[in-house]
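Working notes, structure below.
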Amino acid sequence: MKAVVLCGGRGERLMPMTDRRPAALLRLCGKEILLFTLEMLEKAGFEEAVLAVGYGSEQVERLLDEKYSGKIKLHMINTAGKSTVQAVRTAMCDETEILAVECNCICIHPLDEIIKVHLSHDTFCTALTYDTENKPAGIYIVKRELFDSFNPEKPMDMTEDIIPEAVKSGEAVLLDGKGYYKRITTPEAFLDCQRHMLYNENMSQRLTENNFSGAAIGEPVYIGENVSVMSGSVIESGSVIDNNAVVKGGKVNGYVGIGSVISERCDINSAVVCRGAVLDSGVKCGEYSVIGEKAHIASEAVIEKGVGIWSGKNVEKGARLYENVKRSSDSRLVIDENGECSLWGGEATAQKAMLFGLCAASAAKKGGSIVTAYGSDESLLLKQALDCGICQAGVNVYSIGRAGISELSYAVNRFGGEFGILIGTNISGHARLISAGGMLPDEKLLDRIGSIADDRAYRSVGLSQTGRVTDFSAVREIYVAELEKILPDRFKGVNVDIRTYDVKKATIADRLFHGRNDIDGERIIFNLSADGTKVSAYSEKTSYVMWEKLVAMYAGVCFEKGLAVALPENFPSNADATAEVHCGRLYRYENNADIAKDVAVSTHNMFAYDGLYLASAVTSYLSEQGITLQKALCDVPDAYTSSRFVGITMSRENKEKIFSELGCSVEGEITMGKTHAVIRPLRDKKGITVFAESVSCEQAAAFCEDITSRIKGIFR
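Each number in the numbering used here comes from the position in the sequence shown (counting from 1) with 1118 added on.
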């Protein structure tokens, strides 16, 4: 028999505890409810389970990826927007009967006993009950026949509608449950369950009691990893202080979430403080009140009994609140799919840069290394603060000084750093992360950094283990020497000029090209992009030649030499056509990841994301072959790209709906004639980008417009 775990509910009555995560991921004594449920299934001998996910499905995937190492083979199916009846029926797939567990409850009744009772009765359902009125609990075995007589379009609840009706008609059996059972649907029920686990299930722990000098701590309590409880604090029995939280004083009775801060003279009275929240001095939280994730409660504020403060909301100093305060915008650290971060928004400060360095390094390997650079003289202070934060987490810094993305990418390759950070290209203080070979950082790494920032789960090391800053500003000379190696002493038939707004890049270009030019040769003007990663070319015979075509052309040169090439996943398909012509090996960053990574860090592959290297490589090739730019490009297929942004919230359900109605592949690809498009959801889930490529810019743009209007029409 397979199991179905219903873990996609939003938990409306638990708000704002579930404002940012499903009820199944709430933590009891250091462990998510979903993990307790899977352990219960393992003990009963289940080998396979289907997780019916919906709200917060990405978080469920991440939790299982990072923390679940059990024996049960797990499958996930999206049931967003469905009732429990519809979700169970959908998750059953082709099974004739399953055991279903609603993942918002804690139960110690042995599941094998439920199975035995079910097998001894010729009924369609067997359900546990802990209610004097014999209302079913959230654990039951059902056969497919139970659903034959209900309307699948009508939203119904298993324990409120279907099972009670089946009991009345003799098609279901209720089994009196043994031991403790609690359905967690309110903050009161959550705290009751927490206390039961501490008092009865022996889940009390104090990992760092040597750091609690001067604090009064009752037993039993659960105190997680890297928690600081300062002198004068009172932690009453039955409380949980989760990982990385700080209690500076006052009294705590209830739950304090990951990375939260409780200041002096606070009074937490049977209340829930969610992860990342900050309570200033003298705040009072009444019975069963809830402070949402990353909310900020100013000093002397009073939150009355049962009041909820939604995630990210600020409460003013001295306020007294009798009603819920709904959600508002917050200032979370957001890293986009290009590895760019705005340092929590607003004006950049040294403190923000240091915290960003601490977050990034906490996601890296302890004792490893990160390469750092700064983009403008005004951002030197930000760079120094960034390095300080990285070292605090036990990671070494290879500092290359003021540099661009190209030099940073080269340095990451050269020194074997885990990744590189370029900070402060302007006064707004944006930071950008980049991996070896110019590749975008791994999405799991970006998620990990964001999670560490949200939870304040910074790595803590002793003074003897802090990282070191090593000055590698001389890497620019090594980088220039690398470019000089691919250039001949004198050009033949080529006269090159480099246009760039970067003074340092212009100086390097003058050093590389000016003394080598053939004054009587073909005049080619290369225009570097602002960040130096791309370059276009112009000559009288070719007019403007875009970066994509230059890359495809030089990829062909590499293929002729027997060298493999790695390019980004969304690079135009003319590179594939070039690879076919030359029987070359072409890898995409997102596919064949291990091979692509090995190729991407090769020196010859620098042309893919280094405009100056590409200009040097193309010039060298033209000079060696004695041909014009037009001749070199004649066999390269044209490929024109266009892109559009669509501001639509991209839940898993919306993504599947869009892909289905547009006829996309599971990767979001769609083709019409000679025009190809890719639909990519943004990492922040607040929109999608449509990329299209075709043999003409007009066709690419038209296809983009068509797809964009069709997507908007789906949600009208």
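We treat Cβ as the ideally placed atom computed from N, Cα and C, and that holds for glycine.
Other residues of its chain near residue 1129: CB distance less than 6 Å, five sequence neighbours each side excluded: 1136 and 1141
Assuming the contact rule is C-beta atoms closer than 8 Å, residue 1796 and residue 1809 should be a hit. Round their C-beta distance to whole Å, please. 5 Å
Look at the alpha carbon of residue 1282 and the alpha carbon of residue 1382, and state the distance between them as a whole number of angstroms. Those two C-alpha atoms are separated by around 51 Å.
Suppose the cutoff is 6 Å on Cβ atoms and the five residues either side in sequence are ignored; what does the same chain contact list for residue 1817 look like? 1793
Return the chain-ordered list of same chain residues with a C-beta closer than 7 Å to the C-beta of residue 1831, the five sequence neighbours on each side being excluded. Result list for residue 1831: empty, nothing under 7 Å.
Comparing alpha-carbon positions, which option in 1490, 1568 and 1800 lies nearest residue 1537? 1490
What are the start and end residues of each continuous alpha helix (DSSP H) run of 4 or more residues lying completely inside the stretch 1478 to 1522, in chain order? As far as the stretch 1478 to 1522 is concerned, its whole alpha helix (DSSP H) runs of at least 4 residues are 1498 to 1510.
Under three-state DSSP, which class holds residue 1656? strand
Hey, which unbroken runs of the alpha helix (DSSP H) at 4 residues or more fall wholly within the stretch 1227 to 1304? 1229 to 1238 and 1281 to 1286
Which value, in whole angstroms, describes the spacing of the CA atoms of residue 1377 and residue 1400? Distance between the alpha carbons of residue 1377 and residue 1400 is about 19 Å.
Give the single residue among 1766, 1763 and 1656 whose Cα lies nearest to the Cα of residue 1737. 1656
Less than 8 Å between the CB atoms is what I'm expecting for residue 1168 and residue 1215, so what's the real figure, rounded? With 8 Å as the limit, residue 1168 and residue 1215 do not qualify as a contact, their Cβ atoms being about 13 Å apart.
Just tell me which of 1539, 1608, 1150 and 1279 has its CA closest to the CA of residue 1552. 1539
DSSP beta-bridge partners of residue 1589: 1517
By the 10 Å Cβ neighbour count, where 16 or more other Cβ atoms means buried, how is residue 1729 classified, buried or exposed? buried
Cβ neighbours of residue 1353 in the same chain (closer than 6 Å, five flanking residues each side left out): 1335, 1339 and 1370
Assigned secondary structure, residue 1790 (DSSP; H/G/I helix, E/B strand, else coil): strand
Residue range of the beta strand (DSSP E) that includes residue 1661: Its beta strand (DSSP E) spans residues 1661 to 1663.
May I have the straight-line CA-CA distance separating residue 1448 from residue 1430, to the nearest angstrom? With a pLDDT of 47 at residue 1448, under the threshold of 50, the modelled position of that residue is not reliable, and the figure given next carries that caveat. Residue 1448 and residue 1430: Cα-Cα distance of roughly 5 Å.
Could you spell out where the alpha helix (DSSP H) holding residue 1412 opens and where it closes? Premise fails: residue 1412 is in no alpha helix (DSSP H) and is neither H nor E.
Residue 1335 by DSSP, collapsed to three states: which one? strand
For the candidate residues 1642, 1253 and 1258, whose alpha-carbon lies nearest to that of residue 1219? Taking only the C-alpha atoms, the option nearest residue 1219 is 1258.
Can you find at least 3 beta carbon pairs, one from the stretch 1699 to 1707 and one from the stretch 1779 to 1791, that sit closer than 8 Å? no
Measuring straight from C-alpha to C-alpha, what distance separates residue 1609 and residue 1660? 20 Å
Closest by CA to residue 1266, which one among 1280, 1254 and 1229? 1280
What residue range is occupied by the uninterrupted alpha helix (DSSP H) comprising residue 1705? Residue 1705 -> not in any alpha helix (DSSP H); beta strand (DSSP E) instead, spanning 1704 to 1706.
Out of curiosity, what's the CA-to-CA distance linking residue 1103 and residue 1751? Residue coverage of the chain in this structure runs from 1119 to 1834, which leaves residue 1103 outside it and unanswerable.
Own chain, CB closer than 7 Å to residue 1585, minus 5 neighbours either side, in chain order: 1508, 1509, 1512, 1513, 1514 and 1515
CB of residue 1861 within 8 Å of CB of residue 1627, strictly: Because the chain spans 1119 through 1834 in this model, residue 1861 falls outside it and cannot be assessed.
Candidates 1408, 1198 and 1433, of which the one nearest residue 1398 by Cα: 1433
Taking only three categories from DSSP, how would you classify residue 1346? If DSSP states are grouped into helix, strand and coil, residue 1346 belongs with the strands.
Taking residue 1344 as the reference, which of 1644, 1461, 1574 and 1234 has the closest Cα? 1574
Comparing the CB of residue 1402 with every heavy atom of the ligand ZN, is any distance shorter than 7 Å? The ligand ZN is not part of this structure, which contains no ligands at all.
Since residue 1806 is in the beta strand (DSSP E), which residue starts that stretch and which ends it? 1806 to 1812
Outcome for residue 1743 when other beta-carbon atoms lying within 10 angstroms are tallied against a minimum of 16: exposed
Kindly indicate which three-state DSSP category residue 1679 falls into: helix, strand or coil? coil
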